[in-house]
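**Q** Mind having a look at this structure? Questions to follow.
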Amino acid sequence: MSQFGIVKVLKGKFRTSRSGIVLRKALVIGQFAASLVLISGTFIVIKQVNYMRSADMGMNIEQVLAIRNPRLSSNDPEVFRSTVQSYLNELQTSPHVEKVATTNSLPGGWSNDISSTSTKTRIIGVTEDLEATTYIHSVDHAYFDLLDIKFLHGRDFNKTMATDSSAVILNEAYIQRFNVPVSEELLGEKLMFGNDPENTKYTIVGIIQNANRGSLKNEVEPTCYFYEPILGRFLVKLSGSNIEEGMAHVEKTWARFFPNSALEYAFIDYRFDQLYEQDKRFGAVFGAFSGFALLVAILGLFGLSSFMASQRTKEVGVRKVLGASIPHILSLFYKEFLILIGLAFLIGAPIVYFSMNGWLMGYAYRVEFPWIVIVMALLLVTTSAFLTIGYQVWRVAILNPAKTLKYE
8 MSQFGIVKVL KGKFRTSRSG IVLRKALVIG QFAASLVLIS GTFIVIKQVN
58 YMRSADMGMN IEQVLAIRNP RLSSNDPEVF RSTVQSYLNE LQTSPHVEKV
108 ATTNSLPGGW SNDISSTSTK TRIIGVTEDL EATTYIHSVD HAYFDLLDIK
158 FLHGRDFNKT MATDSSAVIL NEAYIQRFNV PVSEELLGEK LMFGNDPENT
208 KYTIVGIIQN ANRGSLKNEV EPTCYFYEPI LGRFLVKLSG SNIEEGMAHV
258 EKTWARFFPN SALEYAFIDY RFDQLYEQDK RFGAVFGAFS GFALLVAILG
308 LFGLSSFMAS QRTKEVGVRK VLGASIPHIL SLFYKEFLIL IGLAFLIGAP
358 IVYFSMNGWL MGYAYRVEFP WIVIVMALLL VTTSAFLTIG YQVWRVAILN
408 PAKTLKYE
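At position 6 of the sequence shown (counting the first as 1) the number is 13 in our numbering, and the numbers step up by one without a gap.
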């Protein structure tokens, strides 16, 4: 404050001094730089969220209902399997139910009920022992077909083949971890957990493409799929013709077979959408702040341009007398303010890049840093500035030169 002169400030002379004008311009530059950062950040957040919501998950989750495990009064596993099988059979009697499947873990960000192990694993004769987290996922013969998960090599589980109790299907991520090609040559090879030669050796019967079970923030887990004919969590693919009828059938059938257990369900596409709710809220907050920052910047520019236009009223009058047009007068002011916007860009652009690129790096699957977003934000800021400046200068430029020169 001492640098600006307290006496000048108290007398009101500071606003018209050189220091006052410099401070005004510095504030405008800072406000527009902040606007540029926040507007660009908002666009990038929206772009990333839209990418995650529309990205290929490696499976088809349209109209697929996920149902949590029921609770039975009996602890007998045979009773459980028999009841579940009867429930699934009854579900498929409706024309509004296309397919059903069972699994030990539901896709879409449910509680982490899929098991994992850090035991050494290897494909005998192909890879060295590797001690790393491997996810174990149990599914029935209909799971991959219901979710339309693509097989790169091999086949699905077959409920009529007794040997599939010791079969395994691997995803790409599991094989890529060993740095070996994902090829059909791996079919028929044996997978083993641990070093004990007495351990069960599982025959590789299929290799599937990577499918995201959860948020795209995380990479696809290296997963081994094992066959179980009956499991406690269900997937139901409803027919597109009448979802309401399909849901009514699911609820009615559940009440019949599991009367003492509440039906907990959700559509998988809804579950995936909910995974990004926090990101959407973050984008909304970003957008609110960017709008506020732009408004503050425009108000600051409104005051600065009004002040500068009033200080140059005589100059504008002289130029009009000498034949200058209003567009020419506007261009003189625009050039001066373009320098301020350019400085704001030089400050804001690096901040946008380093901050938002760092934010994007938190996602395993993300958009490339969209430079066009900074350009769009710059155009928005520049347009807002030009409209504000143009209005103030136009008010002075349309005045009668005779009156303005006489006034001066």
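Glycine included, C-beta positions come from ideal geometry on N, C-alpha and C.
As the structure is a computational prediction, the values presented were derived from the model and not from experiment.
Would you give the residue range spanned by the beta strand (DSSP E) that G161 belongs to?
**A** F158 to G161
**Q** Is DSSP giving L72 helix, strand or coil here?
**A** Looking at L72 - three-state DSSP - the assignment turns out to be strand.
**Q** Applying the 10 Å Cβ sphere with the 16-neighbour rule, what's the burial state of P266?
**A** exposed
**Q** Report the residue from I131, A295 and K166 whose alpha carbon sits nearest the alpha carbon of T207.
**A** I131
**Q** Under 8 Å: do the region 226 to 245 and the region 132 to 149 share three or more Cβ pairs, one atom per stretch?
**A** yes
**Q** Measure the beta-carbon distance from A384 to I46 and round it to whole angstroms, keeping in mind my assumption that it falls under 8 Å.
**A** 4 Å
**Q** For the region 145 to 165 against the region 56 to 72, are there 3 or more C-beta pairs whose distance is under 8 Å?
**A** yes
**Q** The beta strand (DSSP E) spanning H419 covers which residue range?
**A** Residue 419 is absent from the model: the chain starts at 8 and stops at 415.
**Q** Use the C-beta contact count for K20: other C-beta atoms within 10 angstroms, 16 or more gives buried, fewer gives exposed.
**A** Summary for K20: the model assigns pLDDT 48, below 50, so the residue's position carries little reliability; its value from the coordinates is reported in the next sentence. The residue in question, K20, is exposed, as its Cβ has fewer than 16 Cβ neighbours within 10 Å.
**Q** Taking the alpha-carbon positions, what's the F164 to V52 distance?
**A** 41 Å
**Q** Using the three-state DSSP reduction, which class does H148 fall into: helix, strand or coil?
**A** DSSP places H148 outside both helix and strand once states are collapsed to three, so it counts as coil.
**Q** State the Cα-Cα distance for the pair G12 and I354, rounded to the nearest angstrom.
**A** In this predicted model, G12 has a pLDDT of only 49, less than 50, meaning its place in the structure is not dependable; the value taken from the coordinates is given anyway. For G12 and I354, the distance between alpha carbons rounds to 28 Å.
**Q** Quick one: grab the DSSP three-state call for G355.
**A** helix
**Q** Let me make sure I understand the geometry here. Which of T170, F151 and R288 has the alpha-carbon closest to that of Q216?
**A** The shortest CA-to-CA distance from Q216 to any of T170, F151 and R288 is the one to F151.
**Q** Which residues mark the beginning and the end of the beta strand (DSSP E) in which R240 is found?
**A** Counting along the chain, the unbroken beta strand (DSSP E) around R240 starts and ends at R240 to L245.
**Q** Under three-state DSSP, which class holds M59?
**A** helix
**Q** Would you give the residue range spanned by the beta strand (DSSP E) that E105 belongs to?
**A** Counting along the chain, E105 sits inside the beta strand (DSSP E) bounded by residues V104 to T110.
**Q** In three-state DSSP terms, what is G213?
**A** G213: strand per DSSP, three-state reduction.
**Q** Is the beta carbon of P114 sitting closer than 7 Å to the one on A180?
**A** no
**Q** State the beta-bridge partners of R129 as determined by DSSP.
**A** Looking at the DSSP output, R129 shares a beta bridge with M199.
**Q** What number of angstroms, rounded off, separates the C-alpha of T140 from the C-alpha of S190?
**A** The alpha-carbon of T140 is positioned some 22 Å away from that of S190.
**Q** Pick out whichever of D286, F299, H256 and T395 has its Cα sitting closest to the Cα of V56.
**A** For the set D286, F299, H256 and T395, the Cα lying nearest the Cα of V56 is the one of D286.
**Q** Rounding to the nearest angstrom, what Cα-Cα distance links F340 and L223 in this structure?
**A** 48 Å
**Q** Taking its Cβ as the centre, do 16 or more other Cβ atoms sit within 10 Å of K342, making it buried, or is it exposed?
**A** Exposed, since its Cβ has fewer than 16 Cβ neighbours within 10 Å.
**Q** On the three-state DSSP scale, how would you describe V175?
**A** strand
**Q** Quick check on I348: buried or exposed, where buried means 16 or more other Cβ atoms within 10 Å of its Cβ?
**A** buried
**Q** Would you tell me roughly how many angstroms separate the C-alpha atoms of Q92 and L245, rounded to the nearest one?
**A** 18 Å
**Q** Here's a check: name, in chain order, each residue in its chain whose Cβ is nearer than 6 Å to the Cβ of L98, leaving out the five neighbours to either side.
**A** V104, V107 and T260
**Q** For F39, which three-state DSSP category applies?
**A** Reduced to three states, the DSSP call for F39 is helix.
**Q** Can the beta-carbon of T389 be found less than 7 Å from the beta-carbon of I305?
**A** no
**Q** With DSSP as the reference, label A273 as helix, strand or coil.
**A** It is a strand residue.
**Q** What three-state label does DSSP hand K20 in the structure shown?
**A** In this predicted model, K20 has a pLDDT of only 48, less than 50, meaning its place in the structure is not dependable; the value taken from the coordinates is given anyway. Coil.
**Q** Taking the beta carbon of M59 as the centre, do at least 16 other beta carbons fall within 10 Å, making it buried, or is it exposed?
**A** Counting every other CB atom within 10 Å of its CB across the protein chains shown gives M59 a total of 16 or more, marking it as buried.
**Q** Just verifying my parser: in three-state terms, what is the DSSP assignment at T141?
**A** Here T141 sits in strand by DSSP.
**Q** Could you check if T126 belongs to the surroundings of the ligand ZN, using beta carbon to heavy atom distance under 6 Å?
**A** Questions concerning the ligand ZN fall outside what the structure shown contains, since it holds no ligand whatsoever.
**Q** Between E252 and the rest of its own chain, which residues show a CB-CB distance below 8 Å, the 5 nearest in sequence each way excluded?
**A** Taking E252 as the centre and dropping the five residues before and after it, the same chain places the C-beta of S101 and H103 closer than 8 Å to its C-beta, in chain order.
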